[in-house]
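Just below is one structure, and these are the notes that go with it.
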Amino acid sequence: MKVRISLYTLLFVLLFMLEYVMTPFSFNGVSPQYLLCAVVSLAMLENRRVSTLFGLFAGLAVGFCAGEPFGVSALIFVAIGYFLGRFMTRSLAASFYTCAAVCLSVVLVRDVVTCLIRIAAGSATDFFQILYRVTLPKLLMTIPASLVIYLVVFGVRRCRLWRNIDEEY
Amino acid sequence: MRRDFRYRLKSNKFAAVIILVVCFLAGIAVSAAFGVSNLPPKDAVGLLLSPIQSAGAAVGNKISDISDTFFKYDELVRENEALRTELAQLRIENDNLYYLQYENEQLRKLFDFSQTRTEFSYAQAGVVARSSDGWSRRLTLNRGTAAGIAIDDVVVTGEGLVGIVEDVGPNWSTVVCVTDPSVSVGALVSRSGDVGIAESSVEYMQRGLLCLRYLSSSASVNRGDTVVTSGYGGIYPEGILIGTVSELISEPDDLSVTAVITPAVDTDEIRTVFVITNFEQKEISDESQD
Chain A
80 MKVRISLYTL LFVLLFMLEY VMTPFSFNGV SPQYLLCAVV SLAMLENRRV
130 STLFGLFAGL AVGFCAGEPF GVSALIFVAI GYFLGRFMTR SLAASFYTCA
180 AVCLSVVLVR DVVTCLIRIA AGSATDFFQI LYRVTLPKLL MTIPASLVIY
230 LVVFGVRRCR LWRNIDEEY
Chain B
23 MRRDFRYRLK SNKFAAVIIL VVCFLAGIAV SAAFGVSNLP PKDAVGLLLS
73 PIQSAGAAVG NKISDISDTF FKYDELVREN EALRTELAQL RIENDNLYYL
123 QYENEQLRKL FDFSQTRTEF SYAQAGVVAR SSDGWSRRLT LNRGTAAGIA
173 IDDVVVTGEG LVGIVEDVGP NWSTVVCVTD PSVSVGALVS RSGDVGIAES
223 SVEYMQRGLL CLRYLSSSAS VNRGDTVVTS GYGGIYPEGI LIGTVSELIS
273 EPDDLSVTAV ITPAVDTDEI RTVFVITNFE QKEISDESQD
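So the protein lines, in turn, are chains A and B.
First residue of the first sequence: 80, per my numbering; consecutive thereafter.
First residue of the second sequence: 23, per my numbering; consecutive thereafter.
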């Protein structure tokens with residue numbers, strides 16, 4: 080478990096760098112939602128404690144960089160980490176398709192709500208134009224990102240090597 | 023013996039050899055006497071031999087290469103590794119030089135800027151993160167209160183205005199850029215003196231633009247005009263370049279004109295910014311508003 084936690088910490092740092100520092104896959108200032116994909120993947124494949132903790136740190140980091148009111152992203156990510164983890168064990172099967180579907184749903188719902196708030200605040204006017212320019216690229220880029228991150232988490236979760244190392248030390 | 027010599031002289035072969043020897047001696051004599059080295063026979067020989075030499079050299083080199091492959095393989099591998107290491111080091115040095123050149127350009131621009139605005143003091147900071155959600159344009163800087171940065175400090179580069187400090191910690195600060203929809207800047211067109219408010223929306227932000235609103239319909243604004251901060255409102259110091267006018271849009275009410283501005287600073291590309299730390303913002307009191 081210690082090795083897995085270390086690997087998830089490393090994954091967190093790497094994904095944070097990809098999403099906010101280096102942004103190698105960025106279009107119009109929009110990057111794939113790597114950290115969200117990681118939270119969803121962890122909620123599906125790991126236990127709730129890990130996914131909730133990861134969601135908390137990821138949410139705080141996202142909120143810090145996005146400049147939104149403190150705790151909004153953290154609350155959403157923690158909720159995803161906790162409730163999705165709980166829901167998964169009962170009825171939903173963990174698979175890449177489920178992971179991608181959940182990620183896309185969260186991005187879509189969040190962007191629609193943000194867009195409506197922006198329009199109400201007067202800082203945006205054209206709902207569909209904004210969804211086309213902001214949300215669509217985000218969705219399209221998040222699909223491959225969710226596949227890769229799901230496979231990474233799957234590999235970390237299932238690999239017996241970590242168990243052996245944990246037992247050794 | 024004499025008979026033998028006569029017999030040989032009569033022989034055609036021997037005569038031919040003698041003629042050749044005489045010819046050679048004559049050639050040597052002519053070459054030595056007149057300093058001519060490329061006599062026609064020599065050229066002819068060279069012409070014939072050159073392709074043969076080339077072919078021979080190619081075959082020889084090939085054989086040498088093959089033998090080198092067997093006998094100098096280890097040496098070549100070592101040499102290759104050494105060259106790869108040297109190349110990697112040179113690439114790193116090259117990248118460092120490019121970065122230093124970029125930093126030097128930035129500092130030179132700031133120096134030019136600071137020479138015109140000597141009343142300000144600046145804190146240099148690096149951009150360490152950018153918002154990537156598509157809804158805002160914010161930068162995270164690697165300097166904070168320890169460097170004298172405070173909330174609402176104005177952030178610039180040598181090219182112009184970047185934004186304003188929104189939040190600050192001991193060793194970090196977040197900057198909301200001028201292209202963010204939540205920012206409004208008092209601005210004026212430097213050529214005509216027309217005054218408006220530079221602000222953005224999500225649509226404009228996505229295109230990396232902002233617009234100068236509330237210009238009167240009689241305003242004299244043309245494409246290419248530079249737009250600077252007006253200083254009205256007391257938040258931004260006056261005279262900092264915001265951008266250039268790239269398009270003019272008449273509002274439906276015909277009472278005002280909106281000018282689309284291309285910002286002077288591309289916030290997606292900047293790596294170093296400068297925070298003006300000693301500009302005292304003027305609070306607009308109710309009395310002064312009245």
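C-beta: ideal position from N, C-alpha, C; glycine also.
Quantities reported herein were computed from a predicted structural model and do not represent experimental measurements.
Query                                                                                                                                                                                           : Result
Mapping DSSP to helix, strand and coil, what is B:D87?                                                                                                                                          : helix
For A:F162, which of A:V188, A:S174, A:V235, A:L132 has the nearest alpha-carbon?                                                                                                               : A:L132
Alpha carbon to alpha carbon, how far is B:E97 from B:G82?                                                                                                                                      : 21 angstroms
For A:T193 and B:V200, what's the separation of their Cα atoms in angstroms?                                                                                                                    : 20 angstroms
Alpha carbon to alpha carbon, how far is B:Q228 from A:N243?                                                                                                                                    : 50 angstroms
How would you label B:T140, buried or exposed, when you count the other beta carbons within 10 angstroms and need 16 or more for buried?                                                        : exposed
Report the start-end ranges of each beta strand (DSSP E) in the stretch 121–200 of chain B that is 3 residues or longer and not cut off at the edges.                                           : 144–152, 160–163, 176–178, 183–190, 195–199
Under the rule that 16 or more other beta-carbon atoms within 10 Å means buried, what is A:Y229, buried or exposed?                                                                             : buried
Tell whether a beta-carbon distance below 8 angstroms holds between B:T162 and B:V150.                                                                                                          : yes
Could you check the C-alpha separation between B:G261 and B:F135 for me, to the nearest Å?                                                                                                      : 11 angstroms
So, using beta-carbon positions, are B:V279 and B:S239 closer together than 8 angstroms?                                                                                                        : yes
What does the alpha-carbon distance come out to for the pair B:T248 and B:S143?                                                                                                                 : 25 angstroms
Taking contact to mean 3 or more Cβ pairs, one atom from each stretch, closer than 8 angstroms, check whether the stretch 113–120 of chain A and the stretch 134–152 of chain A are in contact. : yes
Less than 8 angstroms between the beta carbons of B:V297 and B:I171, yes or no?                                                                                                                 : yes
If you draw a straight line from the alpha carbon of A:L218 to that of A:C182, how long is it in whole angstroms?                                                                               : 9 angstroms
Using a Cβ-Cβ cut-off of less than 8 angstroms, give me the residues of the stretch 262–286 of chain B that come near chain A, in sequence order.                                               : none
Is there a C-beta anywhere in chain A that falls below 8 angstroms from the one on B:Q228?                                                                                                      : yes
For B:R235, which beta-bridge partners are listed by DSSP?                                                                                                                                      : B:I219
Could you spell out where the beta strand (DSSP E) holding B:F296 opens and where it closes?                                                                                                    : 294–298
Rounded C-beta distance between A:T204 and B:R152? I'm assuming under 8 angstroms.                                                                                                              : That pair is no contact at about 25 angstroms.
Evaluate B:R11 with the Cβ neighbour count: other Cβ atoms within 10 Å of its Cβ, from every protein chain shown; 16 or more gives buried, anything less gives exposed.                         : Residue 11 of chain B is absent from the model: chain B starts at 23 and stops at 312.
To the nearest angstrom, report how far apart A:I196 and B:Y258 are at their CA atoms.                                                                                                          : 28 angstroms
Could you tell me which residues DSSP pairs with A:I209 in its beta bridges?                                                                                                                    : DSSP, once it has assigned bridges, lists no residue as partnering A:I209.
For B:V205, name the three-state secondary structure that DSSP assigns.                                                                                                                         : coil
Hey, how far is the Cα of A:D190 from the Cα of A:L210?                                                                                                                                         : 8 angstroms
Which residue wins for smallest C-alpha separation from A:C178, given the options A:I222, A:F91, A:L94, A:R237?                                                                                 : A:I222
What's the C-alpha gap between B:S310 and B:G255?                                                                                                                                               : In this prediction, B:S310 has a pLDDT of 45, which is less than 50 and means its spatial position is unreliable; nothing more can be read from the coordinates.
Looking at the structure shown, is A:P148 part of a helix, part of a strand, or coil, going by DSSP?                                                                                            : coil
Tell whether a beta-carbon distance below 8 angstroms holds between A:L90 and A:V231.                                                                                                           : yes
Look at the Cβ atom of A:S130, then the Cβ atom of B:S154, and state whether they are nearer than 8 angstroms.                                                                                  : no
What are the residues in the stretch 195–206 of chain B lying within 8 angstroms of chain A by C-beta distance?                                                                                 : T196, V198, P203, S204
Under a three-way DSSP split, which group does B:I262 fall into?                                                                                                                                : coil
In whole angstroms, give me the CA-to-CA distance for B:S204 and A:S85.                                                                                                                         : 39 angstroms
Measure the alpha-carbon distance for A:Y99 versus B:T196 and round it to whole angstroms.                                                                                                      : 13 angstroms
Does the Cβ-Cβ distance between A:R165 and A:R127 come in under 8 angstroms?                                                                                                                    : yes
Per DSSP, what are the beta-bridge partners of A:F106 in this structure?                                                                                                                        : A:V109
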